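Okay, so the sequence shown: first residue is -8 according to my numbering, each after it adds one.
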Amino acid sequence: MIHARHALLSSGWAQDVLVAIDDGIITAITCDTPCPRDATQVDTLLPALGNLHSHSFQRAMAGMTEYRKQGRDSFWTWRDLMYRFMDRLTPEQIEAIAALVFVEMQEAGYASVGEFHYVHHQTGGIAYEDPAELSLRIYAAASRTGIGLTHLPVLYTYGGAGRVALSQGQLRFGNDVDGYLALVEAAREGMTCLPGDARLGIAPHSLRATSPEDLEAVLRQSADGPVHIHIAEQPKEVDDIASWLGQRPVEWLLAHADVDSRWCLIHATHMTEGETRAMAQTGAVAGLCPITEANLGDGPFNGASYLAANGAFGIGSDSNVNISLIEELRTLEYSQRLRDLARNVLVSGEGSVGHGLYTGAARGGARALGRNAGEIAEQRLADLVAIDSTDPTLCALSRDQILDGLVFAAKDRVVTDLWSAGRHSVKEGRHVARDGVVAAYRAAVTDLVASL
Ligand code: NGQ
Ligand code: ZN
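Printed below as a string of structure tokens:
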């Protein structure tokens, strides 16, 4: 049981709220009630967000790609460095890095994560004895930390638009459709080691890494669960797809696949007004990764038009160069302000930007991850985060201003507690497994850096 002085319920703010949880599910909510002796007492309880897009291994190269060399650095030069870094990773290192990442995510206020998992094979592209070896490593990290996992094994068949062969640096990703479907099945079987809220989805990496026929084939074989795809992140990708398929990426996808609320379109940065409105109408979630998109020089999302068309969105930490839920939401709004020379952009009609961003991302994240979460209500998963509204960054604010304070003024330290489907992983601001996970991470990266 959790007792909160204030809680943001699906019906709005309430006081002295007692939340009962059974088997990871919220079973009862009582307002205006004193704190019983055996309850965990918190200040302000919010629905915890899902982090809808992560490549956990990239966390370990944070800070290694910010050095300017002669010529112009770009997404594509970053990607070359990332491939070189990735090529050395062992299964043990992949697990240790993922565990650190999941600890950091939960401490930042994320209850769950969509792990967009595309490193499948050994260096050179040789399969592991168990083709799902690296998926199982992600599972081990999830079960160690208690994060709610939506695992998204990735189909990555081609090196670029037009069925270009994989480059040397991409060999660890490669599968044809049959190999991929076998991998998904193995990943499904392995999932029995995870708690019941874990989910499995599919993820064609991008239009450039697959083909129209292959995409259709994998979609035909998977009737339910989330479908995630990177799309329209970089202008070059838009141009490459347009010259190959005759349409811009989002335009092509909406015309050739049954895009609906199962889908999460990651980035969707470069869209025309028409694509923006059409995507919003499908019910798909825009998977926005503002910190990574800023870091990689992708560009700002077409946010105002998308929200005006009622589009669903959520946020992801993608490259994990910096894991901060607060900063992710802040960067999202600030990217719009800088482009539009305006304030308070990402809210439709009138209202609190922080409230709109937070609650919108909570709903969209849950939808994209296939989790019955995103609000505090009976029968939902107990994906919950507590923040301390007496922190100096928040203490002057009314309830209706708290989420604005959280998004624009606070630091991550205001997070005190976090539950993933009822698993109480963060207490007093620290993950319960932090020490062991950090020690294993340090050992893993020491070896890794020595091998680079
Ligand atoms: C990824 N990253 O999947 O990690 C990609 C780069 C690729 C972003 N798109 C790899 N931000 O495109 O092959
Ligand atoms: Zn990505």
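All C-beta atoms, glycine included, are put in the ideal place defined by N, C-alpha and C.
Owing to the predicted nature of the structure, the values given are computational and were not obtained by experimental measurement.
| query | Taking the C-alpha atoms as reference points, what is the distance between residue 37 and residue 86? | reply | The count along the sequence shown starts at 1 and reaches residue 37 at position 46. The count along the sequence shown starts at 1 and reaches residue 86 at position 95. When rounded, the separation of the alpha-carbon atoms in residue 37 and residue 86 is 30 Å.
| query | What's the C-alpha gap between residue 80 and residue 427? | reply | For the purposes of this step, residue 80 is taken as residue 89 along the sequence shown, with counting starting at 1. For the purposes of this step, residue 427 is taken as residue 436 along the sequence shown, with counting starting at 1. Residue 80 and residue 427 have their C-alpha atoms spaced approximately 20 Å apart.
| Below 6 Å from a heavy atom of ligand 2 - residues by beta-carbon | The set of residues with any CB-heavy atom separation to ligand 2 below 6 Å comprises, in chain order, 44, 46, 107, 221, 257 and 309.
| task | Would you check whether ligand 1 has a heavy atom nearer than 7 Å to the C-beta of residue 322? | result | Here the question's residue 322 lines up with position 331 in the sequence shown. Between ligand 1 and residue 322, a heavy atom-to-CB distance of less than 7 Å is absent.
| message | Would you call the segment 250 to 257 in contact with the segment 204 to 222, where contact means no fewer than 3 C-beta pairs closer than 8 Å? | response | Contact between the segment 250 to 257 and the segment 204 to 222 is present, because at least three Cβ pairs lie under 8 Å.
| Helix or strand or just coil, what does DSSP make of residue 518? | With the chain running from -8 to 443 in the structure shown, residue 518 is simply not present.
| task | Tell me whether residue 283 counts as near ligand 1, meaning its Cβ is closer than 7 Å to at least one heavy atom of that ligand. | result | Counting from 1 along the sequence shown, the entry for residue 283 is found at position 292. Distances from the CB of residue 283 to the heavy atoms of ligand 1 include at least one below 7 Å.
| Nearest-angstrom Cβ-Cβ length linking residue 323 and residue 306, presumed shorter than 8 Å | Looking up residue 323 in the sequence shown gives position 332. Looking up residue 306 in the sequence shown gives position 315. That pair is a contact at about 7 Å.
| query | My guess is that residue 42 and residue 101 are in contact by the Cβ rule of under 8 Å, so how many angstroms apart are they, rounded? | reply | The sequence position of residue 42 within the sequence shown is 51, counting from 1. The sequence position of residue 101 within the sequence shown is 110, counting from 1. The Cβ separation is near 4 Å, so the contact holds.
| Boundaries (first-last residue) of the beta strand (DSSP E) holding residue 432 | Looking up residue 432 in the sequence shown gives position 441. It is not in any beta strand (DSSP E) - residue 432 instead sits in the alpha helix (DSSP H) that spans 425 to 442.
| task | Report yes if the C-beta distance between residue -3 and residue 310 is below 8 Å; otherwise report no. | result | Looking up residue -3 in the sequence shown gives position 6. Looking up residue 310 in the sequence shown gives position 319. In this structure, residue -3 sits away from residue 310, with a CB-CB distance that is not shorter than 8 Å.
| task | Have a look at 109, 236, 263 and 22 and flag the residue whose alpha-carbon is nearest the alpha-carbon of residue 48. | result | Sequence index remark: in the sequence shown, residue 48 carries index 57 (1-based). When each option's Cα is compared against that of residue 48, the closest is 109.
| request: Tell me, to the nearest whole angstrom, how far the beta carbon of residue 158 is from that of residue 170; I am working on the premise that it is less than 8 Å. | output: Locating residue 158 in the sequence shown gives position 167, counting from the first residue. Locating residue 170 in the sequence shown gives position 179, counting from the first residue. In fact, because the Cβ distance is near 18 Å, the residues do not count as touching under 8 Å.
| field | Cβ shell of residue 0 (< 6 Å), same chain only, five flanking positions each side left out | value | In the sequence shown, residue 0 corresponds to position 9, counting from 1. Here the set comprises 367.
| Among 402, 91, 212 and 103, nearest to residue 359 - alpha-carbon criterion | Mapped onto the sequence shown, residue 359 falls at position 368. The shortest Cα separation from residue 359 among 402, 91, 212 and 103 belongs to 103.
| For residue 215, is the classification buried or exposed, using 16 other Cβ atoms within 10 angstroms of its Cβ as the cut-off for buried? | Translated into the one-based positions of the sequence shown, residue 215 becomes position 224. Residue 215 comes out exposed.
| query | Where residue 336 and residue 328 are concerned, what is the direct C-alpha to C-alpha distance, given to the nearest angstrom? | reply | Within the sequence shown, residue 336 is the residue found at index 345, counting from 1. Within the sequence shown, residue 328 is the residue found at index 337, counting from 1. In a straight line, the C-alpha of residue 336 is about 7 Å away from that of residue 328.
| task | Kindly list the residues whose CB is nearer than 6 Å to the CB of residue 425, restricted to its own chain and excluding five residues on each side of it in sequence; keep chain order. | result | Taking the first residue of the sequence shown as 1, we reach residue 425 at position 434. The residues are 94.
| message | Which of the three DSSP states is assigned to residue 339 in this structure? | response | Walking along the sequence shown from the start, residue 339 turns up at place 348. Residue 339 sits in coil when the DSSP states are folded into three classes, being neither helix nor strand.
| For residue 58, the three-state DSSP class (helix, strand or coil) | In the sequence shown, the residue the question calls residue 58 occupies position 67. DSSP places residue 58 in coil when its eight states are reduced to three.
| Host beta strand (DSSP E) of residue 42 (start-end) | Start at 1 with the first residue of the sequence shown, and residue 42 comes out as number 51. Unbroken beta strand (DSSP E) run through residue 42: 40 to 45.
| said: Quick check: does the Cβ of residue 75 come within less than 7 Å of any heavy atom belonging to ligand 1? | reply: Against the sequence shown, residue 75 aligns to sequence position 84. No; taking the cut-off as 7 Å, the Cβ of residue 75 has no heavy atom of ligand 1 nearer than that.
| query | Hey, would you say residue 296 sits closer than 8 Å to residue 341, going by beta carbons? | reply | In the sequence shown, counting from the first residue as 1, residue 296 sits at position 305. In the sequence shown, counting from the first residue as 1, residue 341 sits at position 350. Inclusion of residue 296 and residue 341 in the CB contact set at 8 Å is not warranted, their separation being larger than that value.
| Using CA coordinates, which residue listed in 76, 138 and 131 is at the minimum distance from residue 114? | Taking the sequence shown and counting its residues from 1, the one referred to as residue 114 is at position 123. Across the set 76, 138 and 131, the C-alpha of 76 shows the shortest separation from the C-alpha of residue 114.
| said: Using 8 Å for Cβ pairs, my map puts residue 148 next to residue 201. What's the rounded Cβ distance? | reply: The residue labelled residue 148 in the question sits at position 157 within the sequence shown. The residue labelled residue 201 in the question sits at position 210 within the sequence shown. Correct: roughly 6 Å between the Cβ atoms.
| said: I'd like the span of the beta strand (DSSP E) that includes residue 334, first residue to last. | reply: Position 343 of the sequence shown, counted from the first residue, corresponds to residue 334. For residue 334, there is no enclosing beta strand (DSSP E), as DSSP gives it neither H nor E.
| said: Can you tell me which residues form a DSSP beta bridge with residue 411? | reply: Locating residue 411 in the sequence shown gives position 420, counting from the first residue. Paired residues: 414.
| said: Considering only heavy atoms of ligand 1, does any lie closer than 7 Å to the CB of residue 57? | reply: In the sequence shown, the residue the question calls residue 57 occupies position 66. Every heavy atom of ligand 1 is 7 Å or more from the Cβ of residue 57, so no.
| query | Which of the three DSSP states, helix, strand or coil, is assigned to residue 5? | reply | Indexing the sequence shown from 1 puts residue 5 at position 14. Here residue 5 sits in strand by DSSP.
| message | Looking at residue 349: is its Cβ nearer than 8 Å to the Cβ of residue 394? | response | To locate residue 349, count along the sequence shown from 1; it is residue 358. To locate residue 394, count along the sequence shown from 1; it is residue 403. A contact, by the Cβ cut-off of 8 Å.
| query | When you compare only the Cα positions, how much space is there between residue 154 and residue 205? | reply | For the purposes of this step, residue 154 is taken as residue 163 along the sequence shown, with counting starting at 1. For the purposes of this step, residue 205 is taken as residue 214 along the sequence shown, with counting starting at 1. C-alpha separation (whole angstroms): 11 Å.
| query | Where in the segment 71 to 156 do unbroken runs of the beta strand (DSSP E), each at least 3 residues long, occur, reported from the N-terminal end onward? | reply | The qualifying runs are 101 to 108 and 139 to 146.
| field | Nearest-angstrom beta carbon gap, residue 304 and residue 351 [assumed within contact, 8 Å] | value | Taking the sequence shown and counting its residues from 1, one reaches residue 351 at position 360. Taking the sequence shown and counting its residues from 1, one reaches residue 304 at position 313. Taking the Cβ atoms as the reference, residue 351 lies roughly 6 Å from residue 304, within the contact range of under 8 Å.
| said: In whole angstroms, give me the CA-to-CA distance for residue 402 and residue 199. | reply: Reading the sequence shown from its first residue, position 411 is the one you call residue 402. Reading the sequence shown from its first residue, position 208 is the one you call residue 199. Their Cα atoms are separated by approximately 38 Å.
| task | With residue 305 as the anchor, note down where its beta strand (DSSP E) starts and where it stops. | result | The count along the sequence shown starts at 1 and reaches residue 305 at position 314. Unbroken beta strand (DSSP E) run through residue 305: 303 to 306.
| message | Quick test of your reading: residue 314 and residue 92, contact by CB under 8 Å. State the CB separation rounded to the nearest angstrom. | response | Against the sequence shown, residue 314 aligns to sequence position 323. Against the sequence shown, residue 92 aligns to sequence position 101. Yes, they are in contact, since the Cβ atoms of residue 314 and residue 92 sit about 7 Å apart, within 8 Å.
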